[in-house]
Structures are given as C-alpha cells and as structure tokens.
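Heads up, the sequence shown is in the numbering used here, so the first residue is 139 and it goes up one at a time. Data first, discussion second: the structure below is written as structure tokens.
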Amino acid sequence: MTYKRVLLKLSGEQLAGQFETGIDPDFAHWIAKEIKQVADTGTQVVIMVGGGNLVRGANVAGNGIRRVTADHMGMLATMINALALTDIMESEGVKTRCLSNIFAEQVAEPFVHRLANKHLEKGRVVVAAGGIGRPYMTTDTAAVALALELDCEAVLKATKVDGVYDKDPNKHDDAVKFDNLGFEQAVADADIKIMDKAAIGLAMEQGMKVVVFNPMEDGAIAKVVNGNDIGTTIS
Ligand code: UDP
C-alpha cells in the first residue's frame, strides 16, 4: 500500500540540523531530495514547518511581549523556514509552492483550500507557512488540522529519534520502542512527549494516523509512504 497524500511535519529543530538555531542548508537539501523521491513516484506531499529554531512563542512571551505577539513572532519564524525550504526544494527540482496561513501576499500565496488542492493534484509539493494562523497553537496541532483539511492519509512526524519510546531513550538504556501505539495511551501517558497532547487528541478524535519516524535514514520517507514498518504508528 502506498499513500496517495501525506502531510510531513518538519520541526524547526530539524531544519537547524547540526546548528543550534537557523537553517542547516545541508539538512534542507538532503530532506528535499528525500521528498523528491516520493513526489516523483506520485505521492502528494504537504509540509508543515515549525519555527522553534528561530522563535517559540511560549519562550519569548514575557518582559512586555504579550503571548499573542510572541505567537505571531513564532508564526513569522515558520514563514522564514517555509520560504527557505520552498526555494531549496525547487533548487533540487521539486515543484513546490509556499502557501501562507498569515497574510503575507508579497512573499507567499495565501492558503486557500481549493488552491492547495489544485497544487497538490498537479504534483506540486505544498509548504504551509504560518502554522494554522492563530496563536496558542503549535505546528504539531496545525499539522494534524491541515492533514484533516486536505484529506491526507497520515501525518508523518519527523523526529530525532526513530519512534516513540516508553521513556526518553537518551536518558534510559532500558527504554522500549513501540512499533504501534494506541491514541489513548499516546494521550494519557505523560512520559510520551513526542507530540503535543492537543495534536494527538485531535488526531484521535478524527482518526488521523500519525507515524513518528527519523527522516535521517536514507529513504525513510519513502519507506513510510510505502507502508514499510519503520518508526511508530499511532492509530
Ligand atoms: N505558532 C502559532 N500558531 C500556529 C503555529 C505556530 O502561534 O498555528 C507559533 C507558536 O508560538 C510556536 C511557534 O509558532 O511556538 C513555532 O512553532 P512550533 O513551536 O510548533 O515549532 P517547532 O517546535 O515544530 O519547531
């Protein structure tokens, strides 16, 4: 079974690659080639990019900066990442459009449902900028919401670990990886921090499958798209 349409969630931390902040061009080019593999074989790809490599709303709020403003700053950070990724994808020969959920018509097309569908049907990768366009949200929740809006078959959540563990594998040698995980456990277990609980809750309510995997392995995205058992499937 091959997915026809998927949403790939890339965090800002991932885009920073070997750096603490900013964008690692080596990682961005590498991931663009990985995405090309699946786009070239006909899978339609939507990408939700995070912004944590530049601004995370909850971290910058305070000292006179309101949370709403901080979240606006965070959304603009996702826009910076989305613009960079769009260009890098195009430089690797992937037809890509950046659609923004915040008003920014000089720099990106507005996110309009029908327009996004049209681009995807024409085989273009759609990079969403600005999350879902509202404060007090993260790009994880935005990713699930957008996957639902665009009838994606799964959310592919790229992480630095190769799946979901019962406890932090970097801290515990005896951590056990789940191949499959139920939504109920993913929501209820406080030790499972791979994705916001709000995002998992929405996925659970609407039955949107989430695959947590490490994209740094060659062909990992293609493997997930082709239904191979890698990472952890939350369903
Ligand atoms: N954000 C927001 N609404 C959204 C998506 C994101 O307000 O729909 C803001 C929020 O401040 C968040 C920041 O943008 O902290 C960057 O997104 P996120 O933290 O999800 O990035 P990631 O951790 O994936 O890099």
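The beta-carbon is built from N, C-alpha and C at its ideal position, and this holds for glycine as well.
Beta-carbon proximity of residue i to residue j, cut-off 7 Å
| i | j | result |
| --- | --- | --- |
| Ala267 | Ala296 | no |
| Leu153 | Asn197 | no |
| Val144 | Cys290 | yes |
| Ile161 | Ala208 | no |
| Ala254 | Val265 | no |
| Leu294 | Val187 | no |
| Lys305 | Ala292 | no |
6 Å Cβ shell around residue i - same chain, five flanking residues per side excluded
| i | result |
| --- | --- |
| Ser373 | Lys347 |
| Gly271 | Asn239 and Ile240 |
| Thr370 | Gly301, Val302, Phe316, Leu319 and Val350 |
| Arg205 | Ala199 |
Where the alpha helix (DSSP H) containing residue i begins and where it ends
| i | result |
| --- | --- |
| Ser238 | No alpha helix (DSSP H) contains Ser238, which is instead part of the beta strand (DSSP E) from Thr234 to Ser238. |
| Phe321 | Phe321 to Ala326 |
| Lys335 | Lys335 to Gln344 |
| Val245 | No alpha helix (DSSP H) contains Val245, which DSSP labels as neither H nor E. |
| Lys361 | Ala358 to Val363 |
| Thr159 | It is not in any alpha helix (DSSP H) - Thr159 carries neither H nor E in the DSSP assignment. |
| Thr102 | The chain is shown from 139 up to 373; residue 102 falls before or after that span and cannot be answered. |
Nonlocal neighbours in the same chain, by C-beta distance under 7 Å from residue i, ignoring five residues either side
| i | result |
| --- | --- |
| Gly212 | Gly189, Val193, Arg194 and Gly195 |
| Leu286 | Gln344 and Met346 |
Exposure label - residue i; buried when at least 16 CB within 10 Å
| i | result |
| --- | --- |
| Asp356 | exposed |
| Tyr303 | buried |
| Lys174 | buried |
| Gly365 | exposed |
| Tyr274 | exposed |
| Ile203 | exposed |
| Gly269 | buried |
| His257 | buried |
| Arg252 | exposed |
Collapsed DSSP secondary structure at residue i in the structure displayed
| i | result |
| --- | --- |
| Leu148 | strand |
| Ala313 | coil |
| Arg252 | helix |
| Thr370 | strand |
| Lys347 | strand |
| Gln175 | helix |
| Leu153 | helix |
| Val302 | strand |
First and last residue of the uninterrupted beta strand (DSSP E) at residue i
| i | result |
| --- | --- |
| Ile226 | Looking at the DSSP string, Ile226 is not in any beta strand (DSSP E); the run it does join, the alpha helix (DSSP H), is Arg205 to Ser229. |
| Ala196 | It is not in any beta strand (DSSP E) - Ala196 instead sits in the alpha helix (DSSP H) that spans Gly195 to Val198. |
| Val263 | Val263 to Ala267 |
| Leu389 | The chain is shown only over 139 to 373; residue 389 falls outside these bounds and no answer can be derived. |
| Val187 | Gln182 to Val187 |
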